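Worksheet: the structure to be examined is printed underneath.
In the UniProt record's numbering, the protein residues as written are 1 to 624.
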């Protein structure tokens, strides 16, 4: 019954332990080098991980609004953090951190966000691998100056197999986080938004490791149009990207661009960040105690401080002081938050502020609000998540209902009868996650199904065409997949889908050549992607196989994975690293660019956007 010597040794060791009556975890852990994938996970990720995952779902996250991405940090005890990221036996197949960009990082998305979610992290999820699927106007990995339109979900292409914990989408770039806390970015590098430094040009390439964050354990990331944020497991926030447009976009108090991540200190010193959302011109974050901070361009009062001034450092929104903010989302010139208004009862109410044009704030008018204002028409509902688009706000209640408010253009409200004057019900289908693009919406239900609606251009809805939808429509291409997480960029959408280590007994044909297995055609698992292949399609071995029980030995991989791993190894051998001297030179170069006074394309876009807004033409100017 054993296909190789390693598996036979596992069986023998297990039987000996059972016979001796000493088959406890302490004894079994010593055999981790020879454990099968499923057994190893069950043994090394016991009850401490289960409890930590449950705890992590108590503080709800905000899901990736429009090119603004939002994600909430899990509230975890020190023990749970250790059990998830730190105290993992070195022999555990999917959990070992093995160095720089040549290594493959394997993680589960078992720490998804909702406590009440039926797609919570059970034992089955720990055994599954997370793949990213993309559709719409996705950043091209073939041509540095172009994007490609993808009409149905397709897997993210990478030189290494990425098993993803979280993904965030901007306008022209995206980022993901592995379970070990590694950050990978891809797309357009302009302004430093990818975080790889001025000495590297990775625009148009596959996801690349952000090496300057390799020493930090990152929990989640968020993407705006021109910048990116990352929050570590200990609650520190780093920002990087284009800061040269006099708006305080990066929160460091200057107009200097940062091509590598830089930590925000100042007002946040001593505070732990639990959630962050990025708009194109501003950023909002929540601390572990529920305080809301904002910084960036204050046009239309989008920062919530009672004025229209730019703020260059994170500043607390005083009107919500004393209340607990549990979710926040940034649109272009408006924002929304879920706030617990009573300390005795856990009931989240929806607050909005900023530009009220086209009813996006849900107050029944088009007036600007300079401070957070409760949406009175929804006062009887308890919210726990929120997302914002260009002229759209979406709120998710604890009972799974989705309410939308804003412009009816493209059918983005998800209700054919909506007039846009007041909030309307878009879905009552046990929704657990919600995300917004510029003009489209994606939701994930308790049945792990994805529904989308709104603008269909570029294939961003995933239905195989470019037609608009004015009601929630099932993404058929993902119907048979186990979707765990969704995110939206301005014009594209992403999902994390789980797949498990395939069993040879359950699969009758090779995953590559599709020929049937038989007496003379044996099946073999690839130790990188987990799929079942015949001998001809998996005859090679690699030291970098991501599912290898022992990282120091070569393991069988399929031809496709062997090619990817070889390319990654070759790329890393010639990849330059920034020395301390080069980093100093980089900072000086950034400062010279900031002081040069040369207007950038971003400045021109911003000026046109603001000018159009003053002339009553705000709706269609952003990121055309």
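Beta carbons are placed, not taken as given, at the ideal position from N, Cα and C, and that holds for glycine.
This structure is a prediction, so every number in the text was calculated from the model and none was measured.
Tell me residue i's beta-bridge partners as DSSP assigns them.
| i | result |
| --- | --- |
| residue 238 | 230, 263 |
| residue 525 | 532 |
| residue 149 | 137 |
| residue 405 | 393 |
| residue 209 | 184 |
| residue 296 | 282, 311 |
| residue 556 | 541 |
| residue 220 | 231 |
| residue 509 | 516 |
| residue 164 | 178 |
| residue 258 | 241 |
| residue 493 | 135, 488 |
Between which two residues does the beta strand (DSSP E) harbouring residue i extend?
| i | result |
| --- | --- |
| residue 630 | Residue 630 cannot be examined here, being either before or after the span of the chain that is shown, 1 to 624. |
| residue 131 | 128-139 |
| residue 340 | 334-340 |
| residue 349 | 348-354 |
| residue 470 | 469-474 |
| residue 313 | 311-316 |
| residue 325 | 324-330 |
| residue 444 | 440-445 |
| residue 434 | 431-436 |
| residue 385 | 383-388 |
| residue 196 | Run containing residue 196: none; DSSP gives neither H nor E here. |
| residue 171 | Element bounds for residue 171: n/a, residue is neither H nor E. |
| residue 487 | 482-488 |
Once DSSP output is grouped into helix, strand and coil, what is the label at residue i?
| i | result |
| --- | --- |
| residue 79 | Any answer about residue 79 is weak, because its pLDDT of 38 lies below 50 and its placement is not dependable; what the coordinates show is given next. DSSP places residue 79 in helix when its eight states are reduced to three. |
| residue 289 | coil |
| residue 561 | helix |
| residue 275 | strand |
| residue 371 | strand |
| residue 191 | helix |
| residue 454 | strand |
| residue 630 | Nothing can be reported for residue 630: it is not among the residues displayed for the chain, which extend from 1 to 624. |
| residue 548 | coil |
| residue 411 | helix |
| residue 357 | helix |
| residue 459 | helix |
| residue 154 | strand |
| residue 421 | coil |
| residue 119 | Because the pLDDT of residue 119 is 37, which lies under 50, any placement of that residue in the model is unreliable, and the number read from its coordinates should be weighed accordingly. Correct three-state label for residue 119: coil. |
| residue 498 | strand |
| residue 321 | coil |
| residue 343 | coil |
| residue 477 | helix |
| residue 301 | helix |
| residue 249 | coil |
Sorted by chain position, which residues of the same chain lie with C-beta nearer than 6 Å to residue i's C-beta, five sequence neighbours on each side aside?
| i | result |
| --- | --- |
| residue 290 | 324, 325 |
| residue 259 | 192, 197, 198 |
| residue 470 | 411, 416 |
| residue 296 | 247, 248, 249, 281, 282, 283 |
| residue 381 | 397 |
| residue 358 | 391, 406, 407 |
| residue 374 | 349, 351 |
| residue 131 | 155, 497 |
| residue 422 | 364, 377 |
Since residue i contacts residue j with CB under 8 Å, what's their CB separation in whole angstroms?
| i | j | result |
| --- | --- | --- |
| residue 264 | residue 239 | 6 Å |
| residue 222 | residue 168 | 5 Å |
| residue 158 | residue 207 | 5 Å |
| residue 337 | residue 328 | 4 Å |
| residue 355 | residue 434 | Not a contact, Cβ separation roughly 21 Å. |
| residue 396 | residue 383 | 7 Å |
At which residues does the alpha helix (DSSP H) containing residue i begin and terminate?
| i | result |
| --- | --- |
| residue 14 | 5-20 |
Got a sec: is the Cβ-Cβ distance from residue i to anything in chain D below 8 Å?
| i | result |
| --- | --- |
| residue 342 | The displayed structure is made up of one protein chain only, and chain D is not part of it. |
Residues in the same chain with beta-carbon distance under 8 Å from residue i, minus the five sequence neighbours each way, listed in chain order, please.
| i | result |
| --- | --- |
| residue 47 | In this prediction, residue 47 has a pLDDT of 36, which is less than 50 and means its spatial position is unreliable; nothing more can be read from the coordinates. |
| residue 15 | none |
| residue 478 | 133, 153, 449, 450, 462, 495, 497 |
| residue 298 | 282, 305, 307, 308, 309, 310, 311 |
Identify, in the order they occur along the chain, each residue of the same chain with its Cβ nearer than 7 Å to the Cβ of residue i, setting aside the five sequence neighbours on each side.
| i | result |
| --- | --- |
| residue 379 | 349 |
| residue 543 | 554 |
| residue 537 | 510, 512, 513, 558, 559 |
| residue 150 | 134, 135, 136, 138, 459 |
| residue 340 | 323, 324, 326, 346, 347, 348 |
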